[in-house]
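Enquirer: Numbering (our numbering), first residue to last: 156 to 312. Yeah, the Cβ is synthetic: ideal placement off N, Cα and C, and Gly gets one too. One structure coming up, written as structure tokens, with questions to follow.
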């Protein structure tokens with residue numbers, strides 16, 4: 156599981172960096188979006204009985220998200236944060252899909268309905284005056300530090 160998470164993270168960061176460069180060169184050609192799902196640590200502790208069980212529950216959340224999303228979406232887990240990179244995304248259908256995932260998650264044994272989900276359109280970060288960040292990890296850290304500053308999109312709780 157840990158190695159899978161590391162490989163997925165490496166792959167996702169590579170794709171994110173590539174998408175940021177493409178968006179800079181070709182104005183909004185891919186209509187890329189980045190979804191951030193931040194799980195509440197208290198909810199994960201409540202659902203589990205130790206570190207092994209918590210890792211298993213987080214794996215179940217990842218499997219649920221992978222099943223719900225397109226096979227072309229790139230997904231990674233970073234601790235209790237999940238990131239999904241999608242190309243050719245229109246924010247409204249993507250938001251509707253996320254609402255459906257959140258509605259059915261408790262039925263699948265995944266109590267993630269009280270967690271924060273933010274959808275970022277990558278084109279919003281290419282505008283003049285926005286910080287120019289080339290490294291995927293730095294970009295994700297920026298979003299985690301001040302999500303409300305950079306999330307003109309939807310947040311559900």
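#1: Pull up the distance between the alpha-carbon of residue 209 and that of residue 258, whole angstroms please.
#2: Cβ of residue 186 within 9 angstroms of Cβ of residue 223?
#3: Buried or exposed: where does residue 159 fall if 16 or more other Cβ atoms within 10 Å of its Cβ makes it buried?
#4: Using 10 angstroms around the beta-carbon of residue 213, count the other beta-carbons present and answer buried if the total reaches 16, otherwise exposed.
#5: Tell me where the beta strand (DSSP E) around residue 273 begins and ends.
#6: Rounding to the nearest angstrom, what Cα-Cα distance links residue 251 and residue 233 in this structure?
#7: Would you mind stating whether residue 298 and residue 175 have Cβ atoms separated by less than 9 angstroms?
#8: In the DSSP output, what is residue 192 paired with across the bridge?
#9: Taking the beta carbon of residue 291 as the centre, do at least 16 other beta carbons fall within 10 Å, making it buried, or is it exposed?
Expert: In short, the structure shows the following:
#1: Here residue 209 is taken as the residue at index 54 of the chain shown, counted from 1. Here residue 258 is taken as the residue at index 103 of the chain shown, counted from 1. Between residue 209 and residue 258, the C-alpha separation is close to 22 angstroms.
#2: Counting from one through the chain shown, the residue named residue 186 turns up at place 31. Counting from one through the chain shown, the residue named residue 223 turns up at place 68. For residue 186 and residue 223, no; Cβs fall outside 9 angstroms.
#3: Along the chain shown, read from residue 1 onward, the residue named residue 159 stands at position 4. Classification for residue 159: exposed.
#4: Walking along the chain shown from the start, residue 213 turns up at place 58. With 16 or more other Cβ atoms within 10 Å, it is buried.
#5: Counted from its first residue, the chain shown places residue 273 at position 118. Run containing residue 273: 271 to 276, per the beta strand (DSSP E) assignment.
#6: Sequence index remark: in the chain shown, residue 251 carries index 96 (1-based). Sequence index remark: in the chain shown, residue 233 carries index 78 (1-based). For residue 251 and residue 233, the distance between alpha carbons rounds to 24 angstroms.
#7: By one-based count along the chain shown, residue 298 stands at place 143. By one-based count along the chain shown, residue 175 stands at place 20. Cβ distance not < 9 angstroms, so residue 298 and residue 175 don't count as in contact.
#8: Indexing the chain shown from 1 puts residue 192 at position 37. Answer by DSSP bridge pairing, in chain order: 237 and 272.
#9: Residue 291 sits at position 136 when you count from the first residue of the chain shown. The residue in question, residue 291, is buried, as its Cβ has 16 or more Cβ neighbours within 10 Å.
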